[in-house]
Structures are given as C-alpha cells and as structure tokens.
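See below for the structure under consideration.
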Amino acid sequence: MDPIRKILQKYKRDRTRLIDILKDIQESEGSITQQAIELVAKHLKISRAEIEGVITFYHFLSDRPLGKYAVYLNNSITSEMAGRQKVAEALEKETGCKFGQTSEDNLVSLFETSCVGMNDQEPAALINGVVFTSLNEEKVRKIVAGMKRGLAAQEMVEEYGDGANGHELVRAMVKNNIRKAGAVIFDEFTPGQAIAQALNKTPEGVIEEIKKANLLGRGGAGFPTGLKWELCRQEKSDQHYVVCNADEGEPGTFKDRVILTERPQMVFEGMAIAGYAVGAHLGILYLRHEYTYLKKYFEYLLQKMREEGILGKNILGRGFDFDIEIKSGAGAYVCGEESALIESAEGKRGEPRDRPPFPVQKGYLDKPTTVNNVETLAASARIMLRGSSWFRTLGTSVSAGTKVLSISGDCQRPGIYEVEFGITVRELLEMAGAQDTLAVQVGGPSGNCISESGFGRKICYSDLATGGSFIIFNRRRDLFAVVRNFLDFFIEESCGWCVPCRAGNVLLKKKFEKIVAGLGTAQDLAELEAWGKIIKSMSRCGLGQTSPNPVLTTLTNFRELYESRINKKADFIPEFDLGQAVMDACQLTGRKFKEESENAR
Amino acid sequence: MPDKIKFTIDGKDCYAEPGQTIYEAAKANGVFIPVLCHYEGLKPVGSCRICSVRANGRWMTSCTQPVTNGMVIENATPEVEAYRKAIIEMLFVEGNHFCPTCEKSGNCELQALAYRYQIMVPQFPYLFPKREIEAFPGFLLEHNRCIQCQRCVRAIQTEDGQKIFALKNRSKDLRINVDLKLAARMTEKEVQKAMDICPVGAILKKEVGFRIPIGKRKYDQKPIGSEVEENK
Amino acid sequence: MSKPVIATASLAGCFGCHMSFLDIDERILELIELVEFDKSPIDDLKKFTRPVDIGLIEGGCCNAENVEVLRYFRENCRILVSVGECAIMGGLPAMRNLIPLKECLEEAYLNSPTVAPEDRLIPNDEELPLLLNRVYPCHEIVKIDYFLPGCPPSADLIWEALMALIHSQPLKLDYPLIKYD
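Protein chains in written order, with my numbering: chain A, 220 to 820; chain B, 25 to 256; chain C, 6 to 186.
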C-alpha cells in the first residue's frame, strides 16, 4: 500500500489529527503535494482549500518540495548577538543555496525561523528536526560536508548534552545549563507520590489546596490556577480536558524545555492531578514542534508510568482513570495563546478564539478545558507533596513560590535559574554575571524593556511579570536593532486574523524605521506612540495586544534614544528620495539624473 | 421590564434581551455601531475590530460580546471613534483600493464607513502590496480589495459543510483561498450571494457590473448606519 | 486688503479635477471677484509672479518633473491642497505601483504586439522627465495642508473648500460631498 494511504489509515477519519497527518506525509514524501492534499481532502471530507489553509499557516509545513535537509536557522535576537549572520553566510556559501530557497541539487533548503528555545546556546538551528546548537562557521562546514556524504542529521550530532539530553531516546546536543535549582521544580522528585497525595483528597480538596497555595499561572498571565480548575470543574459536561501548554515560543524562553527534559514525570503527574481536580480523563501535552526531539522519550516515560499504575486506567488502584496523549503544532508562536493552542490541537489553523466562551467553558472539542503551563503543572505536583503552607513560605505574599527563569544575552552564565519571586533584576544580573548592562528585556518581546533605573524592580506578578524570558543587553548593543528584531518577529507571527495586528504592526515598523533613519519629526514620534496604543487596544488576542510593547516600553524607558534621532525643528520630513526614486528609470534608459529644477519651472 | 437587561450606551438608557450581543442590542435601541466583518445570520468572528467599544472600561468587540446587566458602554466617544477611524484607514492602505475603477463603489461598506467618518486621507502611508486577481468560472476574486473579513468563508459552503472559501497563509500575507473544484460547482445564485455578502468589491460576478447609476447607489445620499439611527 | 492669490497645477492627473473646478459654472464670476490667479494651466502662467495663498494640486507624482513642480508649489504657496484621488493616493496612475517599472516599460515599448520590431526602444530622450519607480501621493513628498477626495471632487466640494479657505472658516461638508469616485 502506498505510504499516504497508510498514514490516512493510521489516523482513521479523525479531523483533529490533520496536522499529524500532514506532518507524516511531509516526512514521508518530502512535502505535501497537490495529490496528497486531494487524498486527505477525500479521506476527511473537507475541502482542499481548508487543508491548504492549515499547511500555509504553519511554518514547518510545506506544499513545495524541500531539499533532503531542511535547515531552519533561528533569527531571534540572542541568535543575532551570538553571530547568526556569519553562520547564515557560511550556510549559504557551503550549500550554494540562498535563504528561502532549495539548492539546485535538491540537497538543502534554507529557512529562517523564530526562536527555537535555545537562547543560551545560540546560534541554533533545526535540521530535519534535529537541534544543532552553538553553531559557528567551522561547525557549518562540517555539517554541510556531512550532508554531502549523505549522513542523517542525527548522525551529525557528535556530543550529547547533560542530563536526559543524553538519554538514548533523546540523543540531543542540547544543554540544560541549570545554574540554580530551586525547591519547587528542580528539587528531587520521585514519580507516583504526588498523584498519590492528590488522590488522598477529594477533587475539591485538591482545588482548595492549590487555591490556598496561591499558585498563579506560570506562562506569564498569572491567572490563579485553583480558580481556573474550579471554573472548569463547575461546567457540566460529559467530558473535561486538561491541556499542558508546552508551546513556549516567547523569544528568550527555554525554561519549559529544561523542565520537560529533567522533570517530565512531575509535569505528567501535574496533568493527572489537574485531571482529577477538574474531572477529566484525558490530558493533552501540546508540545511545540521545535521540541519534537523529546517526543519519543516522553512516550517511553508515559508507557512506563502506565505500567507502574500511575497513569492510565484505575491509577494506583484508586478508581481514577487518566491518560495523556501528545499533540504537536508545526511552528506558530500564536499557538502559545490558549485558545489558539486548542484550535491547533484540533488540527486546525492556530487562530485564537473569541471570548466568551472561555476554554474552561468551551475548550478542546468545545468541552470544558483547563490549559496550564508546564511549570504550573509541575508546581501543582510539588504542592501536593509539600503542602500549600510550605509553598507560601517561598516568594512574596502576592506571588508565592518560585519562578524558573531562562536568562540569556550578555552575561557570563546564561541558563536556567529557579528563584523565589521577589528577587530583583539587579540580583539576577549579578547571579548571571552580567556587566555593563544597558537594558533587560523581561518577559520577552511581549514584555518590558527596562533600563538601569528599573534594575531594583522585582520579578513578581505585582511588578515585573514574566513567563520566564530574561534577555540582557550590554552597552555595546544597539537597542534599535533589538526593537527591530522584535517587531519583525510579531509581523511574522501574527496570525493575520484581525486588522490592527495584521496591518498595524507593518505600519508601526515602517514608522519606526523612518525615525531610526533620522527622518522623523516630533509628529512622527507622537504617531509612533499613538499607533502602538491603537494596536494594543484594538487587537483580538494577547499577541496583538502586546506586539507594540518593544516600541512602547523602549519609548518609556529609553525615550532619549528616540529623541536624539528626530529633527525637532522640522515639521515635515519626507522619506521620499528623488535620486533613489529615479534609479530604475536611469538604469532602463541609460540616462544620468541631475536635479533639473530650472527646467521644470 | 423585569426580564430585560438594562445597560447604557454613551449615557443613554438601553434595554436588551438576554443573550443579545452589544451590537444587536445597540441596533435594537437605535444606536449604530459600525461593522465590517459581521453579517447578520453568520457566526461573528471579531476580525475587523471596527465594532470595538469600551464596555465597563475594557475594549471589546460588540459583535462577539454579550451585553450584561448594568454594562456601561462607550460608543461614539472621541477616543472610540478615532480608533475605529484608524482601523478603516489601515484597511485602505493595506490593500489597493482604487475606488474610481471599482464596480462596488457606492455600494461598498468599507468606502461607506470612510465617508461616514469623513476620511479625507488616511493617516498611514499607502503600502501598495502586490496582489493577484483570480478568475473562476462564475466570478472574479479581486485580492487587491479583499479585507479578509471572512464573510464568504462563513456564508458560502457546500451542503455537507465543506469550505469553498478558506483562509490561506498568515500575518500580512493572509488571503482568501478558493477551492477550485468546489467553486466550479457553485450555482449562479450562490455566486450572487457571495458577491452580495462581500462588503467590498473583492468577489465579482462575471458579466455584470456598474448597473446602478451614480447618485442611486446604496451610500450615495445617506450615510451607512442612518437606517439604524432613524429607528430611534 | 489685497485679494487672496490662487495657483493650480496638474501633475500625474487627467485634468479632470481642473474640469470639475470649472464646473462651478456661474460661480466663477463670484470667484473672480474674490481671488486672483497666479501660475495655473487656466491662465498659462509658467512661473510664479508673487507669493501665493492657496495652491491646488491635481495628480500625484509619477516622474521627476512632477516632483520639481510640486516642490516649487510648496515653496511658493502658503496653503497647499491635494485635490482628487491621484494627488491623495496616486489614483489610476498608481495602478502601475503593483508592477515593477521595468516590466511596465518593457510591456509597453518592447513586448507589446502593437510595437513594430524596428521601434522597440524604451524612450530615453533627455527631454523626457525620468519616471519614478512608482507613483507617489503628494503628501509623501511635501507637506500638504488639506485634502479634497473624489475622482474628480465635485465642483460643489471644490467651491465649499475654497470658500472656507478664503474666508478662514471651518469646512463643513454635507454627506454627499465626500466621495472617492
């Protein structure tokens, strides 16, 4: 039987598996051909147009043929700072292929991609799904030589990272770089005990305990976890679902990767605990595509947990059924937004939904669903083990517990820091060995770019909230280059559904570039700010609502940078340059341009 | 009125049936809230954002948000109107809207809203994107004018619920994608419906055009929304 | 007090806006009482003879000469008004903005079936103004103070706007006056 039919049979007629089907087809055939689309359309009884919509939404799906090796080089700011440009040039030189294209011999395709969660070991790239970190020109030469010899991407991984990165089912060169282990997430964890503790309580009792612990969502938004579970539980339905949001895509965030690598069972148990609390029997781990290299390892662990009786039917003989399945996106930052994630988990384009209804009312397959961050779920497991009173001794009164931060950028010790809430930016800079710091981006591009005057501020929900991203820039960095990178990121990752985010961000970037080019007036600066506020207010989801933050927060904290670029005396400066505008015509006619003002008059 | 929900729009007392959206309730009370992506009978998608209001201080789209008791809605305030105007202007510069050549001119909802808001020139620079014009057996799809409102996506489907129009790409490249095979089977009536439901001149039925003389078109004499406001 | 001075120009336009201006019909007699005309295609004055109060610009900028004229107007006019769709957004000439200049010229002068083989040449005479890579709205090149949309703007709109400017009064327009076609 031909491979496509085999794939279709494997997933039956389940529309929610469309992304899995397409990924399998691409892996088997190299791309998703028109013929394949036709077969899938017939099989699932959906239109080809709808399938094409899904393919073109996700960065890693392609309806055009790709080379034998598909290289996706990260273009996030930390990658830039670590020498991405040189690596990109080396890739183009060695492969004879330009970015965005496939080489003539169909050996290699080169693409850029948004942050892949390796900011402490940049520049990083995915090659046929295998992660390559700390790239340089020398390594590129070696890798491309390997491609020419026909080695599989995995065969080119020479050294494995620490911890479970070296596990035979992972075999990744990725490093954990855990610089500071805290008491909640990275303390010792013995599988089976947390779920046992939870099952000793009633579901309401579990919710009560989480509420008393004052556990707030660790993805960044800080919604109270206990309340979310309670709202979900209260919804009458034949099914409830738990979804673990492992789609960390905020540039600069890589803490969920390390938690999942080192404490996967703690996360899975957290999911089971959530399932018990809300009345769900199925949990979905929505794993970002970039972390697919961990999937086999997780499947092995899940199976092991089933065999040990801590997952699956009748957990620990206590009559509670709960299982976990892994689903993946295919490259879209917006899927980190919980309702977009649910759409994607249903096999659709990852477009956010309108609220109400909220996911706790109508989530996955329109059933009540609690979507929780990896770290939140791991923390719930720890709370079951050690109790809410203990948990509240950590952190501050509003922000209890610890936070796992991913620190990257200009510092000597980038990596993972599990710290208690309330720690100041200055203390973190010291811990990480940062010197001569100009700015810190707290919470990634959607967060806040703070200057030295803010280094006394605290990491907590009432001051500087962050999902975990903490990027340091020293005084040799051009902050405009940082803002530009972030604005490009949002333009690339907008789903395009709503006007202010889709069109507004392009216009905001244009205005930003005008000012940076020295062609701005006071009016331009005022417009930059005003347009940012319009996008923030009018956009549909968190992506659009935070997308102007790179501009708005640098305008607040580094206003002098912008002020120094504008011409305060002029009331109008055009971007138009006559010499530039006639260049094409000069070339086509072989003429030279001189300003002929007198003739025109 | 015991079962009714009481709320205010710009200080005016209004009443709504439970379950009504802000947009529906406003309309029933003779208050016009502009919409582009919304169309009666279709599931709201909140994509154009023009119907945004401030409800109890928070920005919300009135086509998706149910009205609640005691809700305080800001609708025609200078701030709300300025932001809506900006959205209309964004749509004008994001695509290629050459009104003088467009057969929907005078009947176009985007243009009508721009007239209502007295837009003489957009505050944003024109982007002049490169876009295609696609031809199908019964109609043309003029991507230059498409505002990605998804009315066609929602309204025109096959009997068994397959999408003839669907979204393609993302971000600034978001486009309407037509299923060639399914589109070829569309009846003339369906094509007409697609054209009528399109708020702009993106879906054009072949072999007709410019039928209504200037002066007699839908928005030549009276602003869009006046039919709602006359209902006060 | 001296009368306000008006100047007009047609850049990359079709003169339709000027024709619409003339459509004010008998009101032109009233206008002549109120204003004086300087550089304009109507009186065929080639150069400014004095400082101008109100400059009316029809058409966008499609070539270097348009840019020079527009800048010349900006230097000499206290108030500059973009009149019509072409001045405001490039209008019909800007439909070429969707196609690279090279393709446009090659299609017109090299590949078109109506061009005889011996005539295949992209015009390159020094006397011809150089084309811009695309057509620009006037306000992307100089500061424009007011905008009158329409293709063309109706005579009534032009009249109302001129009266408001001449009498320094706010412009209040009835709904039917603002049209883009």
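The C-beta atom is built at its ideal place from N, Cα and C for all residues, glycine as well. A quick note: this is a predicted structure, and the numbers were derived from the prediction, not measured.
Original post:
Within the chosen definition, does the segment 401–416 of chain A reach the segment 513–530 of chain A through at least 3 CB pairs nearer than 8 Å?
Top reply: yes
Subject >> Top-ranked residue by Cα proximity to residue 550 of chain A, from A/239, A/760 and A/703 >> reply: Taking the first residue of the first sequence as 1, we reach residue 550 of chain A at position 331. With distances taken between Cα atoms, residue 550 of chain A lies closest to A/239.
Subject >> CB contact flag (residue 146 of chain C, residue 88 of chain C, <9 Å) >> reply: As a first step, residue 146 of chain C is located in the third sequence; it is residue number 141 there, counting from the start. As a first step, residue 88 of chain C is located in the third sequence; it is residue number 83 there, counting from the start. Contact: no.
**OP:** Can you pull the chain B residues whose beta carbon is under 7 Å from the beta carbon of residue 102 of chain C, in chain order?
**Re:** For the purposes of this step, residue 102 of chain C is identified with residue 97 of the third sequence, where counting begins at 1. The contacting residues are 152.
**OP:** Could you name the residues of chain A that residue 118 of chain B contacts, counting a contact when the two beta carbons are closer than 7 Å?
**Re:** Translated into the one-based positions of the second sequence, residue 118 of chain B becomes position 94. Within chain A, the residues 722 have their CB atoms less than 7 Å from the CB of residue 118 of chain B, given in chain order.
Original post:
Is it true that the CB of residue 474 of chain A sits closer than 9 Å to the CB of residue 613 of chain A?
Top reply: Along the first sequence, one-based indexing puts residue 613 of chain A at 394. Along the first sequence, one-based indexing puts residue 474 of chain A at 255. Their beta carbons are not under 9 Å apart, which means residue 613 of chain A does not touch residue 474 of chain A by this criterion.
Original post:
Is residue 741 of chain A near the ligand SAH, in the sense that its beta carbon is under 8 Å from a heavy atom of that ligand?
Top reply: With respect to small molecules bound, the structure shown includes none, and the ligand SAH cannot be examined in it.
Original post:
Quick one, which of B/135, B/162, B/178 and B/53 has its alpha-carbon nearest residue 66 of chain B's?
Top reply: Start at 1 with the first residue of the second sequence, and residue 66 of chain B comes out as number 42. Considering only alpha carbons, the answer is B/178.
Original post:
Which same chain residues, not among the five before or five after residue 172 of chain B, have their C-beta less than 8 Å away from its C-beta?
Top reply: Sequence index remark: in the second sequence, residue 172 of chain B carries index 148 (1-based). Around residue 172 of chain B: 71, 191, 198, 199 and 200.
**OP:** Identify whether residue 534 of chain A lies in helix, strand or coil by the three-state DSSP scheme.
**Re:** Here residue 534 of chain A corresponds to residue number 315 of the first sequence, with the count starting at 1. Strand, per DSSP.
Original post:
Since residue 503 of chain A is in the beta strand (DSSP E), which residue starts that stretch and which ends it?
Top reply: Locating residue 503 of chain A in the first sequence gives position 284, counting from the first residue. Residue 503 of chain A -> beta strand (DSSP E) spans 501–506.
Original post:
What residues from the segment 269–287 of chain A come within 8 Å of chain B, judged by C-beta to C-beta, listed N to C?
Top reply: If the cut-off is 8 Å between Cβ atoms, the segment 269–287 of chain A has 269, 271, 272, 275 and 276 near chain B.
**OP:** From the DSSP output, in three-state form, read off residue 430 of chain A for me.
**Re:** As a first step, residue 430 of chain A must be located in the first sequence, where it is residue number 211. In this structure, DSSP gives residue 430 of chain A a helical state, which the three-state scheme calls helix.
Subject >> Nearest candidate by alpha-carbon position, reference residue 495 of chain A, set A/513, A/482, A/678 and A/458 >> reply: Position 276 of the first sequence holds residue 495 of chain A. Per the Cα distances, A/458.
**OP:** State the CB to CB distance for the pair residue 632 of chain A and residue 651 of chain A, rounded to an integer number of angstroms; the pair is presumed to be in contact (CB under 8 Å).
**Re:** Stepping through the first sequence from its first residue, residue 632 of chain A is reached at position 413. Stepping through the first sequence from its first residue, residue 651 of chain A is reached at position 432. Residue 632 of chain A to residue 651 of chain A, Cβ: 5 Å. Contact.
**OP:** Run down chain C in chain order and give the residues with a C-beta less than 9 Å from the C-beta of residue 185 of chain B.
**Re:** If you number the second sequence from 1, residue 185 of chain B lands on position 161. Those within 9 Å of residue 185 of chain B in chain C number zero; the least Cβ separation is about 36 Å.
Original post:
Taking the Cβ atom as the reference point for each residue, do residue 12 of chain C and residue 75 of chain C lie within a distance shorter than 9 Å?
Top reply: If you number the third sequence from 1, residue 12 of chain C lands on position 7. If you number the third sequence from 1, residue 75 of chain C lands on position 70. Result no, Cβ atoms of residue 12 of chain C and residue 75 of chain C do not sit closer than 9 Å.
Original post:
Hey, how far is the Cα of residue 547 of chain A from the Cα of residue 773 of chain A?
Top reply: Looking up residue 547 of chain A in the first sequence gives position 328. Looking up residue 773 of chain A in the first sequence gives position 554. Between residue 547 of chain A and residue 773 of chain A, the C-alpha separation is close to 34 Å.
Original post:
If you drop the 5 nearest sequence neighbours on each side, which residues of the same chain put their C-beta closer than 6 Å to that of residue 309 of chain A?
Top reply: For the purposes of this step, residue 309 of chain A is taken as the residue at position 90 of the first sequence. If we look at residue 309 of chain A and ignore the five residues flanking it on each side, its Cβ neighbours are 356 and 359.
Original post:
Can you find at least 3 beta carbon pairs, one from the segment 756–770 of chain A and one from the segment 722–737 of chain A, that sit closer than 8 Å?
Top reply: Here the segment 756–770 of chain A lies against the segment 722–737 of chain A, with 3 or more beta-carbon pairs under 8 Å apart.
Subject >> According to DSSP, residues forming a beta bridge with residue 637 of chain A >> reply: Walking along the first sequence from the start, residue 637 of chain A turns up at place 418. Note: residue 637 of chain A sits in a beta bridge opposite A/623.
**OP:** List the endpoints of the continuous beta strand (DSSP E) containing residue 60 of chain C.
**Re:** As a working note, residue 60 of chain C is residue 55 in the third sequence. From DSSP, the beta strand (DSSP E) with residue 60 of chain C extends over 57–63.
Original post:
Counting contacts by CB-CB distance shorter than 9 Å, is residue 568 of chain A in contact with chain B?
Top reply: Position 349 of the first sequence, counted from the start, is the residue given in the question as residue 568 of chain A. So, interface residue.
Subject >> 9 Å Cβ cut-off: residues of chain B touching residue 24 of chain C >> reply: Taking the first residue of the third sequence as position 1, residue 24 of chain C is located at position 19. The premise fails here: residue 24 of chain C is roughly 15 Å from chain B at the closest Cβ pair, so nothing lies under 9 Å.
Subject >> Listed by chain order, chain A residues near residue 138 of chain C by CB distance under 9 Å >> reply: Your numbering for residue 138 of chain C matches position 133 in the third sequence. Here the neighbours are 799, 800, 801, 802, 803 and 804.
Original post:
Considering only residues of the segment 32–118 of chain C, which uninterrupted beta strand (DSSP E) runs meet the minimum length of 3 residues and lie entirely inside it, listed in chain order?
Top reply: 57–63, 66–68 and 82–88
Subject >> residue 244 of chain B: contacting residues in chain C (beta-carbon distance under 7 Å) >> reply: Translated into the one-based positions of the second sequence, residue 244 of chain B becomes position 220. The CB of residue 244 of chain B comes closer than 7 Å to the CB of 181 in chain C, given here in chain order.
Original post:
Can you list, in chain order, the residues of its chain whose CB lies under 6 Å from that of residue 296 of chain A, leaving out five sequence neighbours each side?
Top reply: Translated into positions along the first sequence, residue 296 of chain A becomes position 77. Excluding positions up to five away in sequence, the list reads 701 and 704.
Original post:
Exposed or buried, which one is residue 90 of chain C when buried takes at least 16 other CB atoms within 10 Å?
Top reply: One-based indexing of the third sequence puts residue 90 of chain C at position 85. The residue in question, residue 90 of chain C, is buried, as its Cβ has 16 or more Cβ neighbours within 10 Å.
**OP:** Using the Cα positions of residue 567 of chain A and residue 574 of chain A, report the straight-line distance between them to the nearest angstrom.
**Re:** Position 348 of the first sequence, counted from the first residue, corresponds to residue 567 of chain A. Position 355 of the first sequence, counted from the first residue, corresponds to residue 574 of chain A. Their Cα atoms are separated by approximately 18 Å.
Subject >> Residue range of the unbroken alpha helix (DSSP H) whose run includes residue 444 of chain A >> reply: Sequence index remark: in the first sequence, residue 444 of chain A carries index 225 (1-based). Looking at the DSSP string, the run of the alpha helix (DSSP H) that includes residue 444 of chain A is 444–453.
Subject >> Nearest-angstrom beta carbon gap, residue 372 of chain A and residue 292 of chain A [assumed within contact, 8 Å] >> reply: The sequence position of residue 292 of chain A within the first sequence is 73, counting from 1. The sequence position of residue 372 of chain A within the first sequence is 153, counting from 1. With 8 Å as the limit, residue 292 of chain A and residue 372 of chain A do not qualify as a contact, their Cβ atoms being about 14 Å apart.
Original post:
At least one CB of chain B closer than 9 Å to the CB of residue 168 of chain C: is that the case?
Top reply: Along the third sequence, read from residue 1 onward, the residue named residue 168 of chain C stands at position 163. Not one chain B Cβ lies under 9 Å of residue 168 of chain C.
Original post:
What is the DSSP secondary structure of residue 781 of chain A, counted as helix, strand or coil?
Top reply: Counting from one through the first sequence, the residue named residue 781 of chain A turns up at place 562. Note: residue 781 of chain A maps to helix in three-state DSSP.
Original post:
Residues bridged to residue 54 of chain B by DSSP?
Top reply: Taking the second sequence and counting its residues from 1, one reaches residue 54 of chain B at position 30. Under the DSSP definition of a beta bridge, residue 54 of chain B lacks any partner.
Original post:
Taking Cβ positions only, does residue 102 of chain B come closer than 9 Å to chain A?
Top reply: Here residue 102 of chain B corresponds to residue number 78 of the second sequence, with the count starting at 1. It does not; no Cβ of chain A falls within 9 Å.
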